[in-house]
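In what follows, a single structure is set out as structure tokens and then discussed.
Number of protein chains: 4
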Amino acid sequence: MTVLKSDRLMSRKQPTQARSQATVEAVLEATIQLLLHGGSSALTTNRIAKKAGVSIGTLYQYFPGKEALLYALVGRHLDKASDAVERACQAHRAMPLAACSDAFVNSYIDAKTGNPEASRALYHASTELDMKDLGSGMIARLHRAVRAMLFAAQGGKFADLDDVVLTWVAAVTGGTRQIFEEDDTIARLPVFRTQLLQMSRAYLEASTVTAVLENCVAIIEAEDLSD
Amino acid sequence: MTVLKSDRLMSRKQPTQARSQATVEAVLEATIQLLLHGGSSALTTNRIAKKAGVSIGTLYQYFPGKEALLYALVGRHLDKASDAVERACQAHRAMPLAACSDAFVNSYIDAKTGNPEASRALYHASTELDMKDLGSGMIARLHRAVRAMLFAAQGGKFADLDDVVLTWVAAVTGGTRQIFEEDDTIARLPVFRTQLLQMSRAYLEASTVTAVLENCVAIIEAEDLSD
Amino acid sequence: MTVLKSDRLMSRKQPTQARSQATVEAVLEATIQLLLHGGSSALTTNRIAKKAGVSIGTLYQYFPGKEALLYALVGRHLDKASDAVERACQAHRAMPLAACSDAFVNSYIDAKTGNPEASRALYHASTELDMKDLGSGMIARLHRAVRAMLFAAQGGKFADLDDVVLTWVAAVTGGTRQIFEEDDTIARLPVFRTQLLQMSRAYLEASTVTAVLENCVAIIEAEDLSD
Amino acid sequence: MTVLKSDRLMSRKQPTQARSQATVEAVLEATIQLLLHGGSSALTTNRIAKKAGVSIGTLYQYFPGKEALLYALVGRHLDKASDAVERACQAHRAMPLAACSDAFVNSYIDAKTGNPEASRALYHASTELDMKDLGSGMIARLHRAVRAMLFAAQGGKFADLDDVVLTWVAAVTGGTRQIFEEDDTIARLPVFRTQLLQMSRAYLEASTVTAVLENCVAIIEAEDLSD
DNA sequence: TATGAATGAGAGTTCATTCAT
DNA sequence: CATGAATGAACTCTCATTCAT
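Chains as they are written, first to last, in my numbering: chain A, 38 to 264; chain B, 38 to 264; chain C, 38 to 264; chain D, 38 to 264.
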């Protein structure tokens, strides 16, 4: 499920031979390494080529420009994460709400935790270039997967499913990102995960039609009493 | 409450005279305009100076470099937002938990909504330079303010207050950022706010010692039954 | 009478200060020198800057690119030549046809001969880039000037003035160019000039209405005899 | 009648086999196509090879470099044109002067008109590289052919045949080139041809010894009268 | 002999910053 | 204090050419 790309961001040639494949792999890997090490300001095409052990010309045989290289890199990572989350969501269809809740939170954090440094580096890179479409594409995939899972979950219909999905996905992905971006909070990731699981359960539970109903009743009763 | 800065990022001279103040103001304003208009790649010191109507030399009289300029700009915006949230939190000390919850969410979103375009532009700018300390500074202020508010809130002690603060602040700030960054979700900001209010109430409620206790009891009973 | 230019070819700033003027002059002069010495393949912006004794950055302050630099250079030379020819044509209005003929040929060759090496160098340079508009602009000016001169000349109306102008101008400018481009013919320029004067006189004389008429009569008589 | 070439410009191998011939043909054809389509700046060896349907390595088997490729291409076209003009000149030996005049002009313009776009493209290409020898070679052939024709023409001996040949050939070839190079004059090629025929006849007629003599007599008489 | 992946010197251009005026 | 011409290191990207397969 690749997002449509403009020509400027398309890969120049598909590496068919084994040698080519290795080259592309080396370039992408070198890019991540540089991103991790020196930040995005130290990321130059010549440095990438040198680190990858190829000539600058070779790099440009496979990527039409620096932007395209980063685009490919970010796309690949986001796709990998999206895949993982999608699989988890599909595996939990028709399960109890709490299990569904945990499934999304855990699979998302796991995906990001797989290579946390890389995740951070790519976050930064993607913000600089115009890669909103990539991010949007991933968010859209998450929305679909989560929506389908919640729709089929045991133990609760939602009054406004789309709104819940929007908010939950934003809170989980955004919150995780926030934790990742601070050097002094990343150590507390396990704590964050536990709390995020609890927050999600509580939120979803409270957004169920029955819960909403109860809440309304409670409010009305309270008003009656206060009269 | 200014964050500590290295010399490289310090403003060169405190503009005491009225004319100087106007110059600094013009430069900062021009920077935002360019950021909004052309993105961070079109942001050059020469362009800023021209747009501000001053010479490039003058710009360097007040800022030791481009980085410092952006640092000042971002810091100012973050400070403004932090101030607003701090005030709201202080105003709600000793109030019921739900009110506290709403206070933080609403004040934070309001602060960001004041000039949403500028917020987005500055997000991008701050990511490129090494401004983690600014972001961290803001987050630290929010943590303190929220912690104090929750600590004094009616209706609940928290078993692990710091963990709750960490998670809640991350989810609210990160979630909001996520909504802001997508062109197609920003329109649904009102919906997001409503849901985020609900999510926050549910989470805080569920993190109360009494709630946790009830939950434990429920689990134990369930286990007893299943025996 | 400047030709309209696209933004890409426009000079970046008009040098108002004396220092700037000198810089621009130095750059243009250096460009010609390099063109003369090494041909167009040795013409790089960095070499130009070095030869001009300025930094590469300075060059780009005044010209948005290499193309624009050459454009300005060629335009300036063509304008100078056009001016000279225009003046000569205007000075010979209402003179005998032979004098008019000589005026154009001589003024054109003189203009090109002023700095023959530069002329050759710029011919080459202009061919590479898209400077047809400059050449066309000059040709158009020549057409107008020559037409006005011939229209007012003593001793002959032309049956098809525009056609004569087109052809004469092409033959004179093209022929001269041809002589300039060969190393071994440029030495014979004086001979060429003499012959071109004669060719021009003969052509214009023969294109006069009276000459054409005589010619027709002669042909008809010849046909009568052959019957 | 090939011009002498340096090693660098020599074709690497004479393609004797049919397959080789086809390859060379394809490469040369592809070169023209690219020249016509994208101009000389879009002409790269890799693109030529791809368009020709051969690998870049194969291209270098037959041509030692890009320059040699263009050299061969231009040489071939110039040779073709030269052949045509030579044939025409030889066919008109011992004919009346007017017929000789027409023969050269018509055969030259016809040769260029055969594929006007290609002519223009090759003009540009040849200017960039050091192909003066090719152009000179062609001009030399034309000089010889025209000289021989005029020498044997009925109705006139020339006082300074070589000067006439130099000038006439320059005017015809240069004038034609000028017409070809402007987009807005190429449409008037037929008109130009007619006028060039007339100009040539008039010039040659006037360069005849008898004509020159008459002219001298006329001038002397005029001087006598004015005494 | 044909292939095409790899090469790398060098091209044009930008932009944060300085300093003589 | 303000100016803005000048700087030049560093950047992205091209393309003629080679050579292992």
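Just so you know, even glycine gets a beta-carbon here, dropped at the ideal spot from N, CA and C. Everything numeric in this text was worked out from a predicted model, so none of it was measured.
Non-local beta-carbon contacts of residue 241 of chain C in its own chain, meaning distances under 6 angstroms to residues more than five positions away in sequence, involve 134, 138 in chain order. For residue 210 of chain D, the nearest beta carbon of chain C is closer than 8 angstroms to its own beta carbon. Excluding sequence positions up to five before and after residue 201 of chain B, its CB lies within less than 6 angstroms of the CB of 195, 244, all in the same chain and listed in chain order.
Bounds of any alpha helix (DSSP H) do not take in residue 133 of chain C, whose DSSP letter is neither H nor E. Contact of residue 161 of chain B with chain A by beta-carbon distance below 8 angstroms involves 164, 165. In this structure, residue 205 of chain D keeps its C-beta atom at 8 angstroms or more from the C-beta atom of residue 228 of chain D. With the rule of 3 Cβ pairs closer than 8 angstroms, the stretch 155 to 175 of chain D does not count as touching the stretch 81 to 96 of chain D. Cβ-Cβ distances below 6 angstroms link residue 222 of chain B to 216 in the same chain, with the five nearest sequence neighbours on each side left out; the list follows chain order.
Closest in C-alpha terms to residue 143 of chain C, from the list C/257, C/72, C/250, C/238, comes C/238.
Per DSSP, residue 231 of chain C is one residue of the alpha helix (DSSP H) stretching across 226 to 244. Interface annotation, residue 100 of chain D: not in contact with chain C, CB-CB separation never under 8 angstroms. The straight-line gap separating the alpha-carbon atoms of residue 111 of chain A and residue 214 of chain B is approximately 19 angstroms.
Under the DSSP assignment, residue 191 of chain B falls outside any alpha helix (DSSP H); it carries neither an H nor an E label. Rounded to whole angstroms, residue 225 of chain A and residue 231 of chain A show a C-alpha spacing of 10 angstroms.
Burial is judged here by how many other beta carbons sit within 10 angstroms of a residue's own beta carbon; residue 257 of chain C has fewer than 16 and is exposed. Non-local beta-carbon contacts of residue 90 of chain D in its own chain, meaning distances under 7 angstroms to residues more than five positions away in sequence, involve 63 in chain order.
DSSP, reduced to helix, strand and coil, places residue 203 of chain B within a helical segment of the structure shown.
For the stretch 229 to 248 of chain B, residues whose beta-carbon sits nearer than 8 angstroms to a beta-carbon of chain A comprise 229, 231, 232, 233, 235, 236, 238, 239, 240, 242, 243, 244. Within 8 angstroms of the CB of residue 204 of chain B, the CB atoms of chain A belong to 212, 228, 229, 232, 233, 236, in sequence order along the chain. For residue 177 of chain D, the closest alpha carbon among the candidates D/119, D/87, D/186 is that of D/119. In this structure, DSSP gives residue 153 of chain B a helical state, which the three-state scheme calls helix.
Sequence-ordered contacts of the stretch 77 to 108 of chain C with chain D read 77, 78 [C-beta pairs closer than 9 angstroms]. In this structure, DSSP gives residue 50 of chain A a state outside helix and strand, which the three-state scheme calls coil.
Using beta-carbon distances, residue 169 of chain C counts as an interface residue toward chain D, with a partner under 8 angstroms.
The C-beta separation of residue 161 of chain C from residue 77 of chain C comes to about 5 angstroms, placing the pair in contact by the 8 angstroms criterion.
Contacts with chain A at 8 angstroms (Cβ-Cβ) include residue 225 of chain B.
For residue 220 of chain A, the closest Cβ of chain B is nearer than 8 angstroms.
If you draw a straight line from the Cα of residue 220 of chain C to the Cα of residue 114 of chain C, it comes to about 22 angstroms. The C-alpha of residue 171 of chain C is placed about 24 angstroms away from the C-alpha of residue 187 of chain C. Around the CB of residue 74 of chain A, fewer than 16 other CB atoms lie within 10 Å, so the residue is classed as exposed. Annotation note: the stretch 158 to 192 of chain B contains no uninterrupted beta strand (DSSP E) run of length 3 or greater. When DSSP states are grouped into helix, strand and coil, residue 219 of chain C belongs to the coil group. Excluding five sequence positions before and after residue 49 of chain A, the CB atoms of its chain that fall closer than 7 angstroms to its own CB belong to 98, 99, 100, 101, given in chain order. Any Cβ of chain D closer than 8 angstroms to the Cβ of residue 138 of chain C would place that residue at the interface, and such an atom is absent. Listed along the chain, the chain C residues whose CB falls inside 7 angstroms of the CB of residue 190 of chain D amount to none; the nearest CB is some 17 angstroms away. Within chain A, 232 have C-beta atoms less than 8 angstroms from the C-beta of residue 201 of chain B, given in sequence order.
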